[in-house]
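**Student:**
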Amino acid sequence: MTDFYQSQRAMRAMRQAAMQRGVVAILDVGTSKIGCLVLRFDGPERLCEADGVGPMAGQSAFRVIGAATTRARGVRFGEVDAMAETERAIRTAVQAAQKMANVRVDHVIACFAGAGPRSYGLAGEIELAGGQVSEQDVARVLAACDLPDFGPGREVLHAQPVNFALDHRTGLGDPRGHVGNRLAVDMHLLTVDAAAVQNLIYCINRCDLELAGIASSAYVAGIASLVEDEQELGAACIDMGGGATGVSIFIKKHMIFADAVRMGGDHVSADISKGLQVPMAVAERIKTIHGGVHATGMDDREMIEIGGDSGDWEKDRRRISRTELIGIMRPRVEEILEDVRALLDAAGFDHLPSQQIVLTGGASQIPGLDMLAARILGQNVRLGRPLRVQGLPQAATGPAFASAVGLALFAAHPQDEWWDFEVPAERYPARSLKRAMRWFKDNW
Amino acid sequence: MQPMTPEGGARRPVLRAEPRHAAAQITLKAAETAGHGAGLWQKLGLGAGTRPEPVPRAEPVVRAVPVLRAESFVQVAPDVGPEPVVQHEPRRAVPQPEPVWHWDADGADAPGFSVAEDAERWIFGETADHAAADAAKVDFDPDQTEAALFERFGAIMSDFDAVSVARPDPAPTPPAAAARRRWFARRAPAVRAVRRDPAPSRLAYRLHRLWLTPAVRGLAHVGLPVLAVVAALALWLGDEGRRAAIVAQYETLRDDFQNRPEFRVSLLRIEGASAPVDAAIRSMMPVKLPASSFALDLDGLRDMILRLDAVAGVDLVIRAGQLEVAVTERVPAVLWRRAAGIEMLDATGHRVATLVAREGRADLPLIAGAGADRAVPEALALLAAAEPMLARTRGLVRVGERRWDMVLDRGQRILLPETGAVAALQRVVALDRAEEILARDFTHLDMRNEDRPTLRLGAAALEQYRQIKIRETRVVQ
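Quick note, the sequences are listed as chains A and B, same order.
Our numbering numbers the first residue of the first sequence as 1 and each following residue consecutively.
Our numbering numbers the first residue of the second sequence as 1001 and each following residue consecutively.
#1: Compare the C-alpha of alanine 1423 (chain B) against each of B:Gly1400, B:Met1447, B:Arg1410 and name the closest.
#2: Runs of 3 residues minimum, wholly inside the stretch 86 to 163 of chain A: which ones carry the beta strand (DSSP E) assignment?
#3: If you follow the alpha helix (DSSP H) that threonine 288 (chain A) is in, where does it begin and where does it stop?
#4: Nearest-angstrom Cα distance between arginine 455 (chain A) and aspartate 309 (chain A)?
#5: Would you mind listing the beta strand (DSSP E) stretches within the stretch 1359 to 1443 of chain B that are 3+ residues and don't spill past its ends, in chain order?
#6: Is there at least one Cβ from chain B nearer than 8 Å to arginine 154 (chain A)'s Cβ?
#7: In or out: asparagine 163 (chain A) buried (at least 16 other Cβ within 10 Å) or exposed?
#8: Tell me the rounded alpha-carbon separation between glycine 1238 (chain B) and valine 103 (chain A).
#9: Could you give the distance in angstroms between the alpha-carbon of glycine 221 (chain A) and the alpha-carbon of glutamine 231 (chain A)?
#10: Ends of the beta strand (DSSP E) at serine 216 (chain A)?
#11: Please confirm whether proline 1198 (chain B) has its beta-carbon closer than 8 Å to some beta-carbon of chain A.
#12: Please state whether DSSP places lysine 33 (chain A) in a helix, a strand or coil.
#13: Look up alanine 1291 (chain B) in the DSSP assignment and say whether it is helix, strand or coil.
#14: With a cut-off of 8 Å, do at least 3 Cβ pairs link the stretch 107 to 118 of chain A to the stretch 238 to 258 of chain A?
#15: Go ahead and label serine 1201 (chain B) buried or exposed: buried means 16 or more other beta carbons lie within 10 angstroms of its beta carbon, across all protein chains shown.
#16: Suppose the cutoff is 7 Å on Cβ atoms and the five residues either side in sequence are ignored; what does the same chain contact list for asparagine 199 (chain A) look like?
#17: Would you kindly report the start and end of the unbroken beta strand (DSSP E) that includes threonine 245 (chain A)?
#18: Would you kindly check if the distance between the Cβ of alanine 258 (chain A) and the Cβ of tyrosine 219 (chain A) is under 8 Å?
#19: Please classify tryptophan 461 (chain A): is it buried, with 16 or more other beta-carbons within 10 angstroms of its beta-carbon, or exposed?
#20: Per DSSP, what are the beta-bridge partners of valine 179 (chain A) in this structure?
#21: Anything in chain B within Cβ reach of valine 103 (chain A), meaning under 9 Å, just list it in chain order.
#22: Here's a check: name, in chain order, each residue in its chain whose Cβ is nearer than 8 Å to the Cβ of arginine 1361 (chain B), leaving out the five neighbours to either side.
#23: Over the uninterrupted alpha helix (DSSP H) stretch that includes cysteine 203 (chain A), give me the two end residues.
#24: To the nearest angstrom, report how far apart serine 217 (chain A) and proline 161 (chain A) are at their CA atoms.
#25: If we require 4 or more residues per run, which alpha helix (DSSP H) segments fall completely within the stretch 1268 to 1355 of chain B?
#26: Anything in chain B within Cβ reach of glutamine 98 (chain A), meaning under 9 Å, just list it in chain order.
#27: I need the straight-line Cα distance from alanine 1460 (chain B) to alanine 1279 (chain B), nearest angstrom please.
#28: Near proline 1488 (chain B), what residues of its chain come up, given a Cβ to Cβ distance below 6 Å and the 5 sequence neighbours on each side ignored?
#29: Can threonine 1328 (chain B) and glycine 1313 (chain B) be called in contact, C-beta distance under 8 Å?
#30: Is it buried or exposed, glutamine 16 (chain A), if we count other Cβ atoms within 10 angstroms and call 16 or more buried?
#31: Could you pull out every unbroken alpha helix (DSSP H) segment of at least 4 residues lying fully inside the stretch 290 to 314 of chain A, listed in chain order?
#32: What residue range is occupied by the uninterrupted beta strand (DSSP E) comprising glycine 275 (chain A)?
#33: Can you pull the chain A residues whose beta carbon is under 9 Å from the beta carbon of tyrosine 1250 (chain B), in chain order?
#34: Kindly indicate if chain B contains any beta-carbon less than 8 Å away from that of glutamine 95 (chain A).
#35: Starting from phenylalanine 257 (chain A), trace the beta strand (DSSP E) in both directions and tell me its first and last residue.
#36: In angstroms with no decimal places, state the Cα-to-Cα distance between leucine 359 (chain A) and isoleucine 238 (chain A).
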């Protein structure tokens, strides 16, 4: 874990370097598509970031100057499945985006949906010596969180302090400067499968790119598609991607839970493909053009020619009604939504004051999905589209680009993570001090 | 209507009580042990008392809901208002911005963000055509509506360029139109062959990145062309004969231009110069007239003329083919006698000319002594102050390059101080006016000490003075 902690720190430094250079790439590694945005940070408040959040939460600091998507190959369930294929797909997307931006990007911030994210709530508590809370105290209380045993082969992807409490006061966003005796913190920890992260990093490094940050797709989709009051009052964002459906719960502008269902739009297509005995591409096309989840009487009369180029006239002339197609799609969509419901229940989402649920992601564009989701997830369901950011092409403003846009917002204004705070002084290894002393003795 | 597959109806009963996969179990456990779940947002200040009741799960029954296509369409293109569903209209292909098989951004056929442009055209083209179709519908012409619809669909399909949509007959009968509508609804898209993998090779990718590097681009756009031009020039000019030919050609061109009659100067006119100066200027002209005006170095000529002592200033103008020289000569103000001869100096002390004989300029005062030319202004001031005794003045002598002696006739001298010489001289003039001191017999009048003017008597006066003293004291020394 320490290695990855250090590499997260290094990635933050890399992000700063990229902001200085002014160009950073956003890479959304999805199961069905890989999207790449090239951001140029040249807004007016690029240089005064230290003074806090600029107008519009830092969105006006950047402009999208290049955007490209490519069909993802070699990604399954939101994880890298075939390394070489994924690398080629990343290369394709990055090259097209670079070509559009006409600038070379060296730093990339990536997100992915899969790798089995798991959430942990951590709590830490220290006694304050000096009365006032200093940066060191914040670092100490973060270090005082007892790390759960999340098992071998897992890495911490996000570790965000969600809430600070000072004595009897809770809900503090920034405790620095407050006076009190006892500082407590609640931290949200998201771990993912280490191997999946390593594979993704390897693929990106093979493309001569430096990784300047990595994020969970569910998290960044929530950033992009939940509006501010939803993030504040509590809402769940369901990012229905191709191979995985991410769930993230936000309250008080912090993510407090994230998980993923290893099913998505590709499984719907696979069902159609299996059920109708057609190739996957045809199934995808039929789903995209004729798909739905609510059948009406008119759908019985609407016949879809599913075709096929087998040469057999009977097989190539097959027709189904749209009702049959809906009959294939709906159970799978329901299964996905039920699994999402199970995750939300496990997270205790029904204890939240606000029950808002926002559906986003490419698979959320199935006609009638919001009504179906309202039956399974609760009444407060809406379809979410990502925030408009400057320079984004019209075609990349759909819900399929929620993760990419969210990642751009994440790049512009990342939330504080554990590794953004300095290491508490007592945690510095004594060995390095000894080594420094020895160096002085040897050389002076 | 219950057209669902049997599984669809049957397999959706209850929500699973426990999570299905292991990850969720671990998550649940973690949430319980680490105070997650309800605990975390209780700490966020949301007490259990505010916890709302869980939303009652609707019994998931598949009902036939009237499908409102317009909603999903509005999602895609918000500019278009909700559109009434026309029942007989064949189902429109709802644009889905994520047809995966369409998403391969192939740099070969469309540079840049080809997918974005395609999708944009898809959305807006669809919208525009849709408006056209609506407009056509107002005319109650089913065939025209049909044609518009068909064209719209054809436009969409042509994006996939694998579907060939045949245009219908121009004048269809209503039954034929209905049949074609059914055909249109049934028409399944053909699937194009799997496209070539558009991924760039590693080498192409690296070269592209290299090309986008600013230094490389700068080198290619500026450095290499400059280098090529310089190399070509160096190669071409490497031959000695070619260089000489170029120089010769240039010189020929230059001479032809400079020797044109427009630039010819044929006459020299000198104004304000006395005869010797005129002759000197004419003799020192570096080029023989007529000459080109490019050959005349007026600045050099001006400096050369100014080097003549008699010339105070000169203006040179080339006007209408002649060189006009306007000379201002120095005016001699004083004569300076030296061992070599007599020089004429102007009021500033600058030499004007040598005088052969004093009688040549009897009107000018005479000064002498080393360094006298550097104190000419003071000498002129002294002479102005000595105006009443000017008839007796022979001249001024500079002594030790620091002070003046005024020499009078009868071998008399007035020794003037180094500073305040004019005042001392005015005092002498006043003394003379009061006591006629200059008429007395003395050889030197020493005014150097202003507190004590001193007379050195002449020999006769001295003898007379001694006799008077003997007579007064009766002492013979």
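Every residue, glycine too, gets a C-beta built ideally from N, C-alpha and C.
**Tutor:** The short version:
#1: Sequence index remark: in the second sequence, residue 1423 (chain B) carries index 423 (1-based). Minimum Cα distance to alanine 1423 (chain B) is reached at B:Met1447.
#2: Complete beta strand (DSSP E) runs here, min 3: 107 to 112, 118 to 127.
#3: Looking up residue 288 (chain A) in the first sequence gives position 288. Per DSSP, the unbroken alpha helix (DSSP H) holding threonine 288 (chain A) starts and ends at 280 to 290.
#4: Residue 455 (chain A) cannot be examined here, being either before or after the span of chain A that is shown, 1 to 444.
#5: Those beta strand (DSSP E) runs which fall completely within the stretch 1359 to 1443 of chain B and span 3+ residues are 1366 to 1368, 1393 to 1399, 1403 to 1408, 1413 to 1415.
#6: Taking the first residue of the first sequence as position 1, residue 154 (chain A) is located at position 154. Taking Cβ atoms only, chain B never reaches closer than 8 Å to arginine 154 (chain A), which makes this a no.
#7: To locate residue 163 (chain A), count along the first sequence from 1; it is residue 163. The residue in question, asparagine 163 (chain A), is buried, as its Cβ has 16 or more Cβ neighbours within 10 Å.
#8: Here residue 1238 (chain B) refers to the residue found at position 238 of the second sequence. Here residue 103 (chain A) refers to the residue found at position 103 of the first sequence. Using only the alpha carbons, I get a separation of about 41 Å.
#9: Taking the first residue of the first sequence as 1, we reach residue 221 (chain A) at position 221. Taking the first residue of the first sequence as 1, we reach residue 231 (chain A) at position 231. What sits at residue 221 (chain A) in the sequence shown is alanine, not glycine. Annotation: alanine 221 (chain A) to glutamine 231 (chain A) spans about 12 Å, alpha carbon to alpha carbon.
#10: For the purposes of this step, residue 216 (chain A) is taken as the residue at position 216 of the first sequence. According to the DSSP assignment, serine 216 (chain A) belongs to the beta strand (DSSP E) that extends over 210 to 216.
#11: Against the second sequence, residue 1198 (chain B) aligns to sequence position 198. It does: the Cβ of proline 1198 (chain B) has a partner Cβ on chain A nearer than 8 Å.
#12: In the first sequence, residue 33 (chain A) corresponds to position 33, counting from 1. Lysine 33 (chain A) falls in the strand class under three-state DSSP.
#13: Mapped onto the second sequence, residue 1291 (chain B) falls at position 291. In this structure, alanine 1291 (chain B) counts as strand in the three-state DSSP scheme.
#14: Judged by Cβ distances under 8 Å, the stretch 107 to 118 of chain A makes contact with the stretch 238 to 258 of chain A, as three or more pairs qualify.
#15: Counting from one through the second sequence, the residue named residue 1201 (chain B) turns up at place 201. So serine 1201 (chain B) counts as exposed.
#16: The count along the first sequence starts at 1 and reaches residue 199 (chain A) at position 199. Within the same chain, asparagine 199 (chain A) has close Cβ partners Val80, Met83.
#17: Here the question's residue 245 (chain A) lines up with position 245 in the first sequence. That run of the beta strand (DSSP E) goes 245 to 251.
#18: Locating residue 219 (chain A) in the first sequence gives position 219, counting from the first residue. Locating residue 258 (chain A) in the first sequence gives position 258, counting from the first residue. Yes.
#19: Given that chain A is displayed from residue 1 to residue 444, the structure contains no residue 461 (chain A) and the question cannot be resolved.
#20: The residue you call residue 179 (chain A) lines up with position 179 of the first sequence. Its beta-bridge partners are A:Gln132.
#21: For this step, residue 103 (chain A) is matched to residue 103 along the first sequence. From the beta-carbon of valine 103 (chain A), the residues of chain B found nearer than 9 Å are Leu1212, Pro1214.
#22: Translated into the one-based positions of the second sequence, residue 1361 (chain B) becomes position 361. Hits under 8 Å: Pro1332, Leu1335, Met1344, Leu1355.
#23: Working through the first sequence from its first residue, we reach residue 203 (chain A) at position 203. Run containing cysteine 203 (chain A): 194 to 206, per the alpha helix (DSSP H) assignment.
#24: Taking the first residue of the first sequence as position 1, residue 217 (chain A) is located at position 217. Taking the first residue of the first sequence as position 1, residue 161 (chain A) is located at position 161. In this model, serine 217 (chain A) and proline 161 (chain A) are separated by some 19 Å (Cα to Cα).
#25: Counting whole runs of 4 or more residues, the stretch 1268 to 1355 of chain B contains the alpha helix (DSSP H) stretches 1275 to 1283, 1298 to 1306.
#26: Here the question's residue 98 (chain A) lines up with position 98 in the first sequence. Within 9 Å Cβ-Cβ: His1208, Arg1209, Leu1212.
#27: Here residue 1460 (chain B) corresponds to residue number 460 of the second sequence, with the count starting at 1. Here residue 1279 (chain B) corresponds to residue number 279 of the second sequence, with the count starting at 1. In a straight line, the C-alpha of alanine 1460 (chain B) is about 57 Å away from that of alanine 1279 (chain B).
#28: Nothing about residue 1488 (chain B) can be reported from this structure: the residues present for chain B run from 1001 to 1477 only.
#29: Residue numbering aside, residue 1328 (chain B) sits at position 328 when the second sequence is read from its first letter. Residue numbering aside, residue 1313 (chain B) sits at position 313 when the second sequence is read from its first letter. Less than 8 Å separates the beta-carbon of threonine 1328 (chain B) from that of glycine 1313 (chain B).
#30: Numbered from its first residue, the first sequence carries residue 16 (chain A) at position 16. Exposed is the label assigned to glutamine 16 (chain A), since fewer than 16 other Cβ atoms lie within 10 Å of its Cβ.
#31: Counting only runs of 4 or more, we get 297 to 301.
#32: Here the question's residue 275 (chain A) lines up with position 275 in the first sequence. It is not in any beta strand (DSSP E) - glycine 275 (chain A) instead sits in the alpha helix (DSSP H) that spans 265 to 276.
#33: Residue numbering aside, residue 1250 (chain B) sits at position 250 when the second sequence is read from its first letter. Listed by position along chain A, the residues whose Cβ is nearer than 9 Å to that of tyrosine 1250 (chain B) form an empty set, because the closest Cβ is around 45 Å away.
#34: If you number the first sequence from 1, residue 95 (chain A) lands on position 95. Yes - at least one Cβ of chain B is within 8 Å of the one on glutamine 95 (chain A).
#35: Working through the first sequence from its first residue, we reach residue 257 (chain A) at position 257. Per DSSP, phenylalanine 257 (chain A) belongs to the beta strand (DSSP E) from 254 to 261.
#36: Mapped onto the first sequence, residue 359 (chain A) falls at position 359. Mapped onto the first sequence, residue 238 (chain A) falls at position 238. Cα to Cα, leucine 359 (chain A) sits roughly 5 Å from isoleucine 238 (chain A).
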